[in-house]
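If you're matching them up, the sequences are chains A and B in order. Following the working numbering, the numbering of the first sequence begins with 9 at its first residue and continues without gaps. Following the working numbering, the numbering of the second sequence begins with 192 at its first residue and continues without gaps. Glycine residues also receive a C-beta, built at the ideal position from the N, C-alpha and C atoms.
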Amino acid sequence: METLLNRYRNVTVLLLALFAQLILLAYQVKTNEDVRLIRLWAVSAVTPLARLLETGRARASSLIEDYFDLVGVRQENRRLLAELGRLKMENQYLRTELGTAERAEALAAFQARSPSKTVAARVIATGAGQGSKVVFVDRGSNSGVQKGMAVIKPSGIVGRVMAVYPASAQVLLVSDANFAAGVISQKHRVVGTLKGTGSSHCIVDYLQNEERVEVGEWFYTSGDDRLYPRGLPVGPVTSAGTGKTFKQVHIMPSGLEGGLDEVLIVIEGVHQPIPESQQATGIYMLPVPQEEQPQPDAATAGDRSFLLSTEADRLLDHYKRVGEAQGHVFGEGPTPDFNIQPGEPAPAPAQAPGEGGSAEAAPAAPAALSGQPQAGGATPARKSVPAQLPKQRPAATSAKPPADEPVR
Amino acid sequence: MNQFGETYTLGRARGRKLLRFRLWVLLAAPLAAILSQVYVPLFFSPFTLFDLPLLVTVYFAVMRRSPMFGIFAGAGIGLVQDALSQQPLGMFGMVKTVVGFIAASVSVRFDVELAPVRFTLACLFFLLHHFAYAGLAHWLLGQAGEAEFGRALLMAFLNALVAVPLFHLLDRLKKDED
Numbered sequence: 009m010e011t012l013l014n015r016y017r018n019v020t021v022l023l024l025a026l027f028a029q030l031i032l033l034a035y036q037v038k039t040n041e042d043v044r045l046i047r048l049w050a051v052s053a054v055t056p057l058a059r060l061l062e063t064g065r066a067r068a069s070s071l072i073e074d075y076f077d078l079v080g081v082r083q084e085n086r087r088l089l090a091e092l093g094r095l096k097m098e099n100q101y102l103r104t105e106l107g108t109a110e111r112a113e114a115l116a117a118f119q120a121r122s123p124s125k126t127v128a129a130r131v132i133a134t135g136a137g138q139g140s141k142v143v144f145v146d147r148g149s150n151s152g153v154q155k156g157m158a159v160i161k162p163s164g165i166v167g168r169v170m171a172v173y174p175a176s177a178q179v180l181l182v183s184d185a186n187f188a189a190g191v192i193s194q195k196h197r198v199v200g201t202l203k204g205t206g207s208s209h210c211i212v213d214y215l216q217n218e219e220r221v222e223v224g225e226w227f228y229t230s231g232d233d234r235l236y237p238r239g240l241p242v243g244p245v246t247s248a249g250t251g252k253t254f255k256q257v258h259i260m261p262s263g264l265e266g267g268l269d270e271v272l273i274v275i276e277g278v279h280q281p282i283p284e285s286q287q288a289t290g291i292y293m294l295p296v297p298q299e300e301q302p303q304p305d306a307a308t309a310g311d312r313s314f315l316l317s318t319e320a321d322r323l324l325d326h327y328k329r330v331g332e333a334q335g336h337v338f339g340e341g342p343t344p345d346f347n348i349q350p351g352e353p354a355p356a357p358a359q360a361p362g363e364g365g366s367a368e369a370a371p372a373a374p375a376a377l378s379g380q381p382q383a384g385g386a387t388p389a390r391k392s393v394p395a396q397l398p399k400q401r402p403a404a405t406s407a408k409p410p411a412d413e414p415v416r
Numbered sequence: 192m193n194q195f196g197e198t199y200t201l202g203r204a205r206g207r208k209l210l211r212f213r214l215w216v217l218l219a220a221p222l223a224a225i226l227s228q229v230y231v232p233l234f235f236s237p238f239t240l241f242d243l244p245l246l247v248t249v250y251f252a253v254m255r256r257s258p259m260f261g262i263f264a265g266a267g268i269g270l271v272q273d274a275l276s277q278q279p280l281g282m283f284g285m286v287k288t289v290v291g292f293i294a295a296s297v298s299v300r301f302d303v304e305l306a307p308v309r310f311t312l313a314c315l316f317f318l319l320h321h322f323a324y325a326g327l328a329h330w331l332l333g334q335a336g337e338a339e340f341g342r343a344l345l346m347a348f349l350n351a352l353v354a355v356p357l358f359h360l361l362d363r364l365k366k367d368e369d
């Protein structure tokens with residue numbers, strides 16, 4: 009450096025002299041904005057350097073901050089992931105609880121709508137054997153459960169109680185090979201026996217090949233087995249074909265769909281009518297008049313047997329009341345007069361037709377035969393002639409002739 | 192080397208004369224030039240065409256043959272001239288600094304005691320001074336300088352005419368040293 013200055017001493021001094029005078033000039037001269045040139049030059053000289061320094065500082069600072077932020081972000085990420093996992097599990101639990109609550113609500117609503125007396129139960133275990141279609145529920149004899157009681161869901165039948173314990177019960181599912189129940193089709197009123205096959209499907213046995221069964225047609229419980237109340241849905245037909253001896257009809261049980269969590273055990277069943285199938289004709293039709301439903305009256309309010317009101321039950325009940333009205337004990341002495349309706353006085357001894365009977369008996373007999381409502385409030389459906397066939401199904405929804413219907 | 196070179200340049204055989212001046216001469220001559228530049232135009236306005244401080248700077252720079260001396264002589268004379276003008280300090284100083292440096296550098300190669308050489312140098316340095324000052328004024332002060340080259344050439348000629356007798360007058364004040 010010293011050698012360089014010595015070699016170019018004259019030029020160096022020249023430059024120094026010029027620089028000094030330039031500074032002197034810049035101190036004196038002002039710009040149009042009344043700013044000295046020297047200040048303007050100094051600011052102009054420093055500004056790029058300052059900008060560069062500031063840019064570097066900012067970038068370095070952001071780099072360091074981002075690094076530390078990244079560390080914090082990583083920890084935050086871990087924490088959030090853990091919380092997310094916990095919230096997911098909680099959400100799943102709450103969804104399960106909500107589903108349970110919804111199912112319980114649906115069960116409660118079904119219980120409220122259903123005339124049958126039921127008790128809700130939760131499935132707590134399944135059978136230990138391979139392929140066993142058995143489950144355990146948390147209701148037992150302490151809750152009034154008895155062997156043979158039906159187990160249902162709002163969507164359909166589930167099974168029946170096989171064994172009862174104090175606080176639990178064993179239920180045989182409809183899909184078990186040992187299960188059987190009486191069923192009837194919705195549209196064509198074809199009666200058969202539902203049997204489990206050990207798989208997810210069930211079959212309806214003992215159907216003649218001539219019987220009409222359509223795919224998609226629903227089967228309901230017929231009530232003939234005295235196990236299930238009449239009118240409970242069983243499932244839709246998945247296939248129907250002609251077999252060697254009987255028709256091959258397969259059903260998908262609707263009660264087993266959606267899993268088994270909560271079920272209802274029928275303590276006291278009430279038969280209901282089979283819902284009519286909706287015909288795709290586009291014509292609005294009124295529902296079937298409720299003629300099959302027996303109306304409870306004061307005379308039978310406490311009678312338990314009235315609740316199981318099939319045609320046979322109603323007939324039996326009628327016989328009982330006739331016997332009670334006449335003080336007759338069945339199996340002893342002469343048979344009672346079935347022409348006399350319960351609540352009416354016994355007619356006078358038999359007279360010649362020309363002599364004229366009592367005024368009360370004459371109108372009573374036609375009235376009884378015609379099935380008109382009596383003074384005792386009997387239902388129009390009750391027949392005074394025991395040998396009379398059951399009332400026909402409504403013609404609007406039944407396409408079959410009366411002769412095809414089985415005698416009940 | 193041809194005859195021109197032998198006549199006007201300083202060869203090794205002839206050596207280099209180092210000319211010195213008395214101190215009062217170094218102070219009085221520039222001061223007189225500056226004062227005359229300030230006072231005379233009051234009575235004789237064409238005198239503004241001449242730049243006596245520049246001529247004195249050139250003389251001392253070429254006769255002393257020292258770039259360092261030329262730098263300080265030009266800076267000093269120029270700053271004093273600035274101080275007595277309306278221009279900011281440093282305008283004439285910077286330009287005369289450069290002129291003094293170049294004049295001293297050039298004088299090493301030429302025989303500056305010859306009249307033609309002095310005439311030429313004076314003319315060239317005046318033009319250099321004129322355009323350097325215009326450029327500096329334009330750059331720093333934003334002033335529109337005189338860009339007319341013909342006028343500048345005329346002024347350079349006139350100053351060169353004045354420079355020859357002035358240099359001869361100042362020769363009488365030098366102190367020769369071998």
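For ALA112 of chain A, which residues in the same chain have their Cβ closer than 8 Å to its Cβ, ignoring the five residues on either side in sequence? Correct list, in chain order: ALA128 and GLU270.
With a threshold of 7 Å between beta-carbons, can ILE46 of chain A be considered close to chain B, or not? no
Let me know if PRO241 of chain A comes out buried or exposed under the rule of 16 or more other beta-carbons within 10 Å of its beta-carbon. buried
Along the beta strand (DSSP E) that carries ALA116 of chain A, what are the first and last residues, could you check? It is not in any beta strand (DSSP E) - ALA116 of chain A instead sits in the alpha helix (DSSP H) that spans 45-121.
Starting from LEU294 of chain A and walking both ways along the beta strand (DSSP E), at which residues does that stretch end? Segment: none, LEU294 of chain A is in no beta strand (DSSP E) and carries neither H nor E.
Taking the C-alpha atoms as reference points, what is the distance between TYR16 of chain A and ARG255 of chain B? 19 Å
Would GLN272 of chain B be called buried (16 or more neighbouring beta carbons within 10 Å of its own) or exposed? GLN272 of chain B comes out buried.
Jot down the residue ranges of each uninterrupted beta strand (DSSP E) in the segment 214-281 of chain B, minimum 3 residues, whole runs only, in chain order. none
Taking one C-beta from the segment 301-320 of chain B and one from the segment 71-85 of chain A each time, how about it: are there three or more such pairs within less than 8 Å? Cβ pair count under 8 Å is below three, so no.
Measure the Cβ-Cβ separation of LEU45 of chain A and ALA58 of chain A and say whether it is below 7 Å. Taking 7 Å as the Cβ cut-off, LEU45 of chain A and ALA58 of chain A do not qualify as a contacting pair.
Return helix, strand or coil for MET346 of chain B, following the three-state DSSP convention. helix
Return helix, strand or coil for ARG17 of chain A, following the three-state DSSP convention. helix
Does DSSP put GLY310 of chain A in a helix, in a strand, or in coil? Confidence at GLY310 of chain A is low in this model, with a pLDDT of 48, below 50, so the placement of that residue should be treated as unreliable; the coordinate-derived value is given next. The answer is coil: DSSP assigns GLY310 of chain A none of H, G, I, E or B.
Are the beta-carbon atoms belonging to GLY135 of chain A and VAL142 of chain A less than 7 Å from one another? Yes, the pair counts as a contact, with Cβ atoms nearer than the cut-off.
Flag LEU26 of chain A as yes if its beta-carbon sits less than 7 Å from any beta-carbon of chain B, otherwise no. yes
When the Cα atoms are used, what is the spatial distance from ASP242 of chain B to LEU60 of chain A? 47 Å
N- and C-terminal bounds of the beta strand (DSSP E) containing ARG322 of chain A: Run containing ARG322 of chain A: none in the beta strand (DSSP E); it sits in the alpha helix (DSSP H), 319-333.
I think ILE282 of chain A touches ILE192 of chain A, with their Cβ atoms under 8 Å apart; what is that distance to the nearest whole Å? Yes, ILE282 of chain A and ILE192 of chain A are in contact; Cβ-Cβ is about 6 Å, under 8 Å.
By DSSP, does LEU397 of chain A sit in helix, in strand, or in coil? Interpretation of LEU397 of chain A is limited by its pLDDT of 44, a score under 50 that renders its predicted location unreliable; no figure is taken from the coordinates.
Can a CB atom of chain A be found closer than 7 Å to the CB of THR288 of chain B? yes
For the beta strand (DSSP E) containing ALA128 of chain A, list its first residue and its last residue. 125-134
Pull up the distance between the alpha-carbon of VAL179 of chain A and that of TYR228 of chain A, whole angstroms please. 20 Å
Would you verify that the beta carbon of MET259 of chain B is, or is not, closer than 7 Å to some beta carbon of chain A? yes
For a contact defined as C-beta to C-beta under 7 Å, what are the partners of ALA455 of chain B on chain A? The displayed coordinates of chain B run from 192 to 369. Any statement about residue 455 of chain B would go beyond what the structure contains.
Is the CB of MET254 of chain B under 7 Å away from at least one CB in chain A? no
Residue-level contact to chain B via CB, ASN14 of chain A, 7 Å cutoff: no
Which same chain residues, not among the five before or five after GLY263 of chain A, have their C-beta less than 6 Å away from its C-beta? Only LYS161, SER163, GLY164, ILE165 and VAL166 meet the Cβ criterion.
Residues of the segment 223-238 of chain B in Cβ contact with chain A at a cutoff of 8 Å, in chain order, please. Cβ contacts with chain A come from no residue of the segment 223-238 of chain B.
Sheet register partners of PHE227 of chain A (DSSP bridge): A:SER193 and A:GLY243
Which chain A residues are close to PHE292 of chain B, counting only those with a beta carbon under 8 Å from its beta carbon? The answer, in chain order, is ASN18 and LEU22.
Within chain A, the residues that LEU332 of chain B reaches when beta carbons sit closer than 8 Å: VAL37
Assign ASN350 of chain B to one of two classes, buried (16 or more other C-beta atoms within 10 Å of its C-beta) or exposed (fewer than that). buried
Below 7 Å CB to CB, which residues in the same chain sit around ASP213 of chain A once its five sequence neighbours on both sides are set aside? GLY200, THR201, LYS203 and PHE254
Quick check: is the beta carbon of LEU280 of chain B nearer than 7 Å to any beta carbon in chain A? Output row for LEU280 of chain B: interface = yes.
With a cut-off of 8 Å on the beta carbons, I'd call VAL153 of chain A and VAL172 of chain A a contact; round off their distance for me. 5 Å
Residue span of the beta strand (DSSP E) that contains ALA158 of chain A, given as start and end: 158-161
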